[in-house]
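Residue numbers (numbering that gives the first Met the number 0): 0 to 326.
In what follows, a structure is listed as structure tokens, so that the remarks can point back to it.
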Amino acid sequence: MNILVTGGAGFIGANFIHYLLENYPEDRIVNFDKLTYAGNLANLADVEGNSQYYFVKGDIADQSAVDSVFSAWQIEAVVNFAAESHVDRSILNPNVFICSNYVGVSTLLNAVKRFWVHKFVQISTDEVYGSTPSGNLFTETTPLNPSSPYSATKAGADLLALSYFKTYGLNVSITRSANNYGPLQFPEKLIPLMVTNGLLGKSLPVYGDGKNVRDWLNVADNCRAINAVLRRGKAGQIYNIAAHNYVENIQIVKKIVERLKVDDSKISYVTDRPANDQLYAIDDSKIHHDLGWQPEIDFDEGINQTIDWYVNHEQWWRPLLSGVRNR
Ligand SMILES: NC(=O)c1ccc[n+]([C@@H]2O[C@H](COP(=O)([O-])OP(=O)(O)OC[C@H]3O[C@@H](n4cnc5c(N)ncnc54)[C@H](O)[C@@H]3O)[C@@H](O)[C@H]2O)c1
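Here it is as structure tokens:
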């Protein structure tokens, strides 16, 4: 299969490309990425020489660039990771989120329709459901209630993708996953930010009272889930991907402090992000039953391995620090 992976130079996309090249050596992978501040070809340096992997620089919101890549590489399936992904940045500049996360998806869908591509997987997020203060688990049919410009653009893209299934019969599936953690994440997101700040002796800025809860999914588990949706997901279906590791942000920071043996007086509570959702919690029984997927990686083991990965890869994260947006 010729698979177009968009946003493959980012965190989850790069992990997914590694997963595909290791497990499906017969597939040809084309990574189409704009290389924003979050796109980093160093994430794929080890596969540059692989004859099944190609990189094309481009913007998913640019229809002629997208059409060229579909036609030149005879694309058969698309997995769309490309997006502006940092909620804080969406509060400061929503327009770039609208262009990449919404217009970009419409551009890809137009190409999928024109070039008769067999499968389109839109990578979405549990944030489209908004916060669940009661702790009820959201299912795939729960109405969307996004809080940030980021999650609103992702919700809009989901609805657009589903409309292309309903109206034109395109084979579209959507994944909505919990918060991912693992190697290769840009060091402005919670875990790599805290580890790198800790290693640099800087303060550890925690939003609000630190009691916001996220469900933490290992990126390797997410890659397996996305692959199941790519190969066996049904047209027009949405799949929640959860981990059932509900942890307060402050507990994550304390785990990092403990592992790095940093003084916990470095933790500082800063003004909360506007409209910060209290809790994301999703029901993923559909992907268990329909596709036989379930998370496998133990959280304590996964988080320790992740912290150690950043400790051991200073040469990876140090050049990225100038692009980090401070809290
Ligand atoms: N990280 C998470 O915890 C999480 C959770 C659920 C869903 N998601 C979704 O997963 C996807 C990947 O997230 P991530 O954390 O890897 O993001 P990331 O910010 O690390 O990577 C995004 C990648 O997309 C590229 N990109 C951005 N705009 C582009 C454009 N217009 N054209 C082409 N490439 C473009 C960037 O250069 C970068 O390589 C996103 O769609 C995000 O909404 C992420």
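Don't be surprised by glycine CBs; every beta carbon is placed ideally from N, CA and C.
At a threshold of 8 Å, E126 counts as near ligand 1, since its beta carbon sits closer than that to one of the ligand's heavy atoms.
Under the three-state reduction of DSSP output, N94 falls in the helix class. The alpha carbon of N244 has as its nearest neighbour, out of I255, N178, I28 and S267, the alpha carbon of N178.
Distance check between W115 and each of G197, V77 and E21 places V77 closest, using alpha-carbon atoms only.
For G301, same chain residues with a beta-carbon under 6 Å away, outside a window of 5 residues either side, are N217 in chain order. The distance from the Cβ of A110 to that of F164 is about 16 Å, inconsistent with a contact at the 8 Å cut-off. Assigned with DSSP and collapsed to three states, P318 falls in helix. In this chain, D283 is not harboured by any alpha helix (DSSP H), its DSSP state being neither H nor E. In this structure, N79 lies away from V127, with their beta-carbon atoms at least 9 Å apart.
Taking a 10 Å sphere around the C-beta of Y167, we find fewer than 16 other C-beta atoms and assign the residue as exposed. Scanning I281, G197 and A219 for the CA closest to the CA of D262 turns up G197.
Contact check for I266 against L203 passes: the beta carbons are separated by less than 9 Å. Shown here, F31 sits in a strand according to DSSP, grouped into three states.
Non-local beta-carbon contacts of E247 in its own chain, meaning distances under 8 Å to residues more than five positions away in sequence, involve G209, K210, N211 and V212 in chain order.
In this structure, the straight-line span from the alpha carbon of L107 to that of L3 is close to 11 Å.
Annotation: the region 190-272 contains the following complete segments of the beta strand (DSSP E) (minimum length 3 residues), in chain order: 203-206, 212-217, 236-240, 245-247 and 266-269.
In the three-state reduction of the DSSP assignment, N1 falls in the strand class, which pools E and B. Residues lining ligand 1 by the Cβ criterion, that is a Cβ closer than 6 Å to any of its heavy atoms, are T5, G6, A8, G9, F10, I11, G12, D32, K33, L34, T35, A37, G38, D58, I59, A60, F80, A81, A82, E83, S84, S99, G103, I122, T124, K153, S176, N178, N179 and F185 in chain order.
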